[in-house]
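There are 2 protein chains.
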Amino acid sequence: MKDKTIKDVAKKAGVSISTVSRVLNGYGNVNKETNELVRKAVEEVGYSPNAIARSLRSRSTKTIGLIVNNILNPIYSLMAQAIEDTAREYGYQLLLCNSGANSEYEKVYLDGLYEKKVDGIIIAPTGQNKEKINSFIKSGIPVIQVDRVIEGLVADAVVTNNRSAAYEMVSRIIENGYKKIALIVGVQTITTGMERMTGYFSALAENNINANSEYIKVGHFDENTGFDAMNELLSLPNPPEAVFVCNNLMAKGAMMAVRENNISIPSQLSFCMFDDPDWAAMNVPSITAVKQPTYEIGTKAAKLLINRVNNQNKEQKPVHEVIDSKIIIRDSM
Amino acid sequence: MKDKTIKDVAKKAGVSISTVSRVLNGYGNVNKETNELVRKAVEEVGYSPNAIARSLRSRSTKTIGLIVNNILNPIYSLMAQAIEDTAREYGYQLLLCNSGANSEYEKVYLDGLYEKKVDGIIIAPTGQNKEKINSFIKSGIPVIQVDRVIEGLVADAVVTNNRSAAYEMVSRIIENGYKKIALIVGVQTITTGMERMTGYFSALAENNINANSEYIKVGHFDENTGFDAMNELLSLPNPPEAVFVCNNLMAKGAMMAVRENNISIPSQLSFCMFDDPDWAAMNVPSITAVKQPTYEIGTKAAKLLINRVNNQNKEQKPVHEVIDSKIIIRDSM
DNA sequence: CTGTTAGCGCCTTCAT
DNA sequence: ATGAAGGCGCTAACAG
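These protein sequence lines map, in sequence, to chains A and B. Using this note's numbering, you'd call the opening residue of the first sequence number 8 and step up by one each time. Using this note's numbering, you'd call the opening residue of the second sequence number 8 and step up by one each time.
Next up, the structure:
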């Protein structure tokens, strides 16, 4: 069954296609009766507008691209939900891209989104495609960075206070009387990894505790790294008394290792983490965690983007919004 | 910076736009030298094709719409990941829609996807928009149902063996010597709710156990329902010895209630569930669960869809694919 | 207030 | 092997 076009409606209503267009888009002056006539014709014909044709002409797709690492990570699925909720509210749709933290995939996605003429993109960048991302901005397509940020890229960003949250978390550990504090953290080429580690060092320094390089494990922000790192820490001749694990995936792996080694928390090891997935609260003992304002980050990012889209002319300075995380003290520390 | 078009490339290469188009799409006969010439011009000009224009002309968007209940539910985020992986492999992109199990939203999304001329859709349907979904199919836009199915809709579907998996799970409970077995399940208007409940009844019947209506809690597939239902079960004068909770959200709520009531699993209550989220394996005791082949469902659905898209003419019969779940026995039973 | 017209960027016969 | 021309469905001047 072939789609009906604006032409069919025009014929049915006995008016010109421009009149139909005017009625459909609700601008210009249209006679009330004509308006009625057209609306009835739309019904009768069963007309549905062709967004592709409209986009080609109007140079707006009402679509935004979202590139995340891993939609399975609750951080990103919650963020996606927030963005989607906001997008819907404003009449936008979401093109979802799962980069898998792979910069090659990211590049392909960026090209795809460019060709599809999205009105803007929200991205948790791998960091490897700075120039390509920049070309969006130069073309007038707004870009909002979330979660992490590419240094030197002049684009908006919405992130959490990684450094100070980590700082505060580690300070709490110290307050509880621990000095031998380990850190499991992700690569230092992305800002989350870097900032969380910096927070850790600041807290140690401020309390005159020497950082012990044996206690610092840097790897990927994933389960395997967490598992391996924790095993290494536990097999140290002089193991740490506390550990701060810097994201939920690593923490899951680390927790597995803790269990396999029959280490009791918090009596043998104080355990706390960045992120607050379901299992953190359900674990026995429940895990002290840094809870990111993920939904809010998503909402803010989406609103910021849509705002940009609607004011492309006004050359505002990039916004760098930092929303505070909350530390949730539970029983593991 | 204005986008370069095929025209700019043509001018640069000193050929016509149709030759450029031929080179870009790799069909027809083009002289090797001309080919070179055009490719170089593409580079020099910095040309990127406009997918919108191409779609308008070619009537294909290389885009598929995905409508799920709740991207936060790991079942759906994993499915989304699978679909996305497959889509990427075949050069398709994903328009993500989060219906929130709300049929009004679902309707709006369906309209939006129709207007955006997606090549096909994958949907976990609420069940309330049968006619609208059917209109896609009538227009030649393939639809694949996942997770659940609308009765009487002539469309492909990829689901798990809800009935027999539930049947087997409950049979296992019975084998373990329990007779007072409760069920917490979602609404019976969607097939997952219905089939899982049917499986429960079959297992009881086959073992000559009378179903006790006090033990059967039907509500929404969400955390609150699970929590409330479990509380009610536990406050029964004659509480059940075992419970089968029919999805991960409900199970989370139910587990909360179990804990608040200081009920010990499995000594006081045998607990098992449909779905296998992170926390099920990590819980103490670990939870016996029906693990759906979620990734596989997503992959199959995407492949089926893409296949349909490429063979729109061939009027094949709808496929109803059922992929078996796996029961993972753990310590909670 | 309404109709005519000119494209948006691309693909695709149809000539040559 | 290449070019010219029409049109996908729609919006937005521009006339009237």
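Beta carbons: idealized from backbone N, C-alpha and C, even for Gly. In this text, all values refer to a predicted model and were calculated from it rather than measured experimentally.
- From the beta-carbon of S55/A, the residues of chain B found nearer than 8 Å are D118, Y121, E122.
- Excluding sequence positions up to five before and after S23/B, its CB lies within less than 8 Å of the CB of A17, all in the same chain and listed in chain order.
- A residue is called buried when at least 16 other Cβ atoms come within 10 angstroms of its Cβ; V161/B does not meet this threshold and is exposed.
- For the segment 197-227 of chain A, the set of residues with a beta-carbon nearer than 8 Å to any beta-carbon of chain B is empty.
- Identification of residues in the segment 261-285 of chain A having a C-beta nearer than 9 Å to some C-beta of chain B yields M262, M263, R266, P284, D285, given in sequence order.
- Under the Cβ criterion of 8 Å, I78/B is counted among the residues facing chain A.
- When Cβ pairs closer than 8 Å are counted between the two stretches, the segment 294-302 of chain A is seen not to touch the segment 119-135 of chain A, the count staying below three.
- Looking at F278/A, I13/A, A308/A, K307/A, the one whose alpha-carbon comes closest to that of R337/A is F278/A.
- Unbroken alpha helix (DSSP H) runs of no fewer than 4 residues, entirely contained in the segment 119-153 of chain B, are found at 137-145, following chain order.
- Per DSSP, D163/A is not a residue of any alpha helix (DSSP H); the beta strand (DSSP E) it occupies stretches across 163-167.
- Chain B places no beta carbon closer than 8 Å to that of L31/A, leaving this residue out of the contacts.
- Using a Cβ distance threshold of 8 Å, L44/A and A20/A count as a contacting pair.
- With a minimum length of 4 residues, the unbroken runs of alpha helix (DSSP H) contained wholly in the segment 254-279 of chain A fall at 255-267.
- Checking the DSSP bridge columns, you'll see E328/A partnered with V165/A.
- Comparing alpha carbon positions, the residue from E248/A, L73/A, Y34/A, A210/A closest to D154/A is L73/A.
- Non-local C-beta neighbours of V165/A in its own chain, meaning closer than 6 Å and more than five positions away in sequence, comprise V153, I304, K307, A308, E328, ordered along the chain.
- Contact annotation for M289/B against chain A: K259, M262, M263, R266, W286, M289, N290 [CB-CB distance below 9 Å, chain order].
- For K307/A, the enclosing alpha helix (DSSP H) stretches over residues 301-317.
- Between I151/A and M340/A, the CB-CB gap reaches or exceeds 8 Å.
- In the structure shown, A94/A falls within a helical segment according to DSSP collapsed to helix, strand and coil.
- Remark: three or more beta-carbon pairs, one from each stretch, lie closer than 8 Å, so the segment 209-223 of chain A and the segment 169-186 of chain A are flagged as touching.
- Residue-level contact by beta carbon fails for A309/B and chain A, as no gap is shorter than 8 Å.
- Around the CB of A218/A, fewer than 16 other CB atoms lie within 10 Å, so the residue is classed as exposed.
- Cβ-Cβ separation between A236/A and I191/A: approximately 5 Å, consistent with a contact (criterion under 8 Å).
- Residue state for N42/A is assigned as helix, using DSSP reduced to three classes.
- By the rule that beta-carbons nearer than 8 Å mark a contact, L312/A does not touch chain B.
- The count of Cβ pairs closer than 8 Å, one atom from the segment 252-270 of chain A and one from the segment 221-237 of chain A, reaches three, so the stretches are in contact.
- Contacts between I59/B and chain A, judged by CB atoms closer than 8 Å, involve I59, S62, L63, T68, K123, K124 in chain order.
- Cβ atoms of D163/A and P325/A come within 8 Å of each other, at about 5 Å.
- Across the segment 292-306 of chain A, no CB contact with chain B closer than 8 Å is found for any residue.
- Here DSSP, grouped into helix, strand and coil, assigns G200/A to helix.
- A Cβ-Cβ contact shorter than 8 Å links Q100/B with K123/A.
- Close to A236/A, with beta-carbon spacing below 7 Å, lies no residue of chain B; the smallest spacing is near 18 Å.
- Contact of L256/A with chain B is not assigned, every C-beta pair being separated by 8 Å or more.
- For T232/A, no beta strand (DSSP E) encloses it; the enclosing alpha helix (DSSP H) starts and ends at 230-241.
- According to the DSSP assignment, K11/A belongs to no alpha helix (DSSP H), since it is labelled neither H nor E.
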